[in-house]
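Engineer:
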Amino acid sequence: MDSISIPEEDIKDNLLVVDKVVKKYSNGHLALKDASFSMKKGECLGLVGESGSGKSTLARCILMFERIDKGEIWLNGEAIHNMKKTEFRKKQRNMQAVFQNPTASLNSKLKIIDSLMEPLDYQPDVIPSFLKDIRSNRRKSAKALLNMVELPSRYLDSYPCELSGGQKQRVIIARAISVEPSLIILDEPTASLDVSIQARVLNLLKDLQENLGLSYFFISHDLSAVNFMCQRMMVMKEGLIVDRCNRKELFDKERHSYTKDLLKVFEA
1 MDSISIPEED IKDNLLVVDK VVKKYSNGHL ALKDASFSMK KGECLGLVGE
51 SGSGKSTLAR CILMFERIDK GEIWLNGEAI HNMKKTEFRK KQRNMQAVFQ
101 NPTASLNSKL KIIDSLMEPL DYQPDVIPSF LKDIRSNRRK SAKALLNMVE
151 LPSRYLDSYP CELSGGQKQR VIIARAISVE PSLIILDEPT ASLDVSIQAR
201 VLNLLKDLQE NLGLSYFFIS HDLSAVNFMC QRMMVMKEGL IVDRCNRKEL
251 FDKERHSYTK DLLKVFEA
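In full-length UniProt numbering, the protein residues as written are 1 to 268.
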């Protein structure tokens, strides 16, 4: 791993710092090319691009599901890119994720209460501020979490097959916030849902962020979803971040040609 110097103030002032990250697979495919960005606590930073552009690879590298070949990743002022797996597991509560397919994210053999409470069961010393008075009561905690994502408590004793796709994704969101993480990575969180459900889930995510002060790294191929959720966004093409802008700058003439192509779909 190359040694790369990042200004100390950048590490201190930001929740997440990704610096010159390169990921190359054994077949020679260069999935990430010097990806660099930072985000602050309480922010929703967006990453948009077509399927296969490297978005999910970047998410997996930040989550330490995959090792990077070059570069650095810092979270809460700590370098995580070179941590051993055993060391990283102790800090895993700091990062949670919501992926595209909620069915694949839930164990079909577990009741919803058991899937929902898994992170808190695994980390009994964690007491989220929104559960501090009921943390010792497992069922009350689970009810409170379902209530936060607008699901009735009767689903606690249900199995995943008894819930709709939108309901399952709400359970996944509740599980992600349960340990009060520093960062939640949302990787295409509405892509597998019906169009009628997508807007409701996005509104829920936005409300949770505002009410709990959550920090999101929001990844999507859908520019309209990114524009709705995020104040700042980046555009990725073939593993390279080709454009960056805030919401107000999105329609500026100076945008990268690839961003303009995505905008044509957005405006259609």
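Quick reminder that beta carbons are idealized off the backbone N, C-alpha and C, glycines included.
With DSSP as the reference, label M1 as helix, strand or coil.
Structural biologist: Counting from 1 along the sequence shown, the entry for residue 1 is found at position 1. Model confidence at M1 stands at a pLDDT of 41, short of 50, so the residue's coordinates are unreliable; what they give is reported in the following sentence. Three-state DSSP puts M1 in coil, outside helix and strand.
Engineer: Per DSSP, what kind of secondary structure is Y216 in: helix, strand or coil?
Structural biologist: By 1-based counting over the sequence shown, the position of residue 216 is 216. Strand, per DSSP.
Engineer: Taking just the CA atoms, how far does D133 sit from K84?
Structural biologist: Along the sequence shown, read from residue 1 onward, the residue named residue 84 stands at position 84. Along the sequence shown, read from residue 1 onward, the residue named residue 133 stands at position 133. Each residue's alpha carbon lies about 35 angstroms from the other.
Engineer: Could you check how far apart the C-beta atoms of L106 and P160 are, in whole angstroms? I think they sit under 8 angstroms.
Structural biologist: Along the sequence shown, read from residue 1 onward, the residue named residue 106 stands at position 106. Along the sequence shown, read from residue 1 onward, the residue named residue 160 stands at position 160. Going by Cβ atoms, the distance from L106 to P160 rounds to 4 angstroms, so yes, they are a contact pair.
Engineer: Here's the rule I'm using: 16 or more other beta-carbon atoms within 10 Å means buried, otherwise exposed. How should P7 be labelled?
Structural biologist: As a working note, residue 7 is residue 7 in the sequence shown. With fewer than 16 other Cβ atoms within 10 Å, it is exposed.
Engineer: Which of the three DSSP states is assigned to S26 in this structure?
Structural biologist: Sequence index remark: in the sequence shown, residue 26 carries index 26 (1-based). Looking at S26 - three-state DSSP - the assignment turns out to be coil, as it is neither helix nor strand.
Engineer: Bridge partners for E37 per DSSP, in chain order?
Structural biologist: Indexing the sequence shown from 1 puts residue 37 at position 37. Looking at the sequence shown, residue 37 is not Glu but Phe. Answer is V18.
Engineer: Taking the alpha-carbon positions, what's the L204 to T103 distance?
Structural biologist: Looking up residue 204 in the sequence shown gives position 204. Looking up residue 103 in the sequence shown gives position 103. Between L204 and T103, the C-alpha separation is close to 19 angstroms.
Engineer: Under three-state DSSP, which class holds N82?
Structural biologist: Taking the sequence shown and counting its residues from 1, the one referred to as residue 82 is at position 82. It is coil, neither helix nor strand.
Engineer: Tell me the DSSP secondary structure of R255 in three-state form.
Structural biologist: Looking up residue 255 in the sequence shown gives position 255. R255 falls in the coil class under three-state DSSP.
Engineer: Going by DSSP in three states, Q198 sits in which element: helix, strand or coil?
Structural biologist: What you label residue 198 is simply residue 198 of the sequence shown in a count that begins at 1. If DSSP states are grouped into helix, strand and coil, Q198 belongs with the helices.
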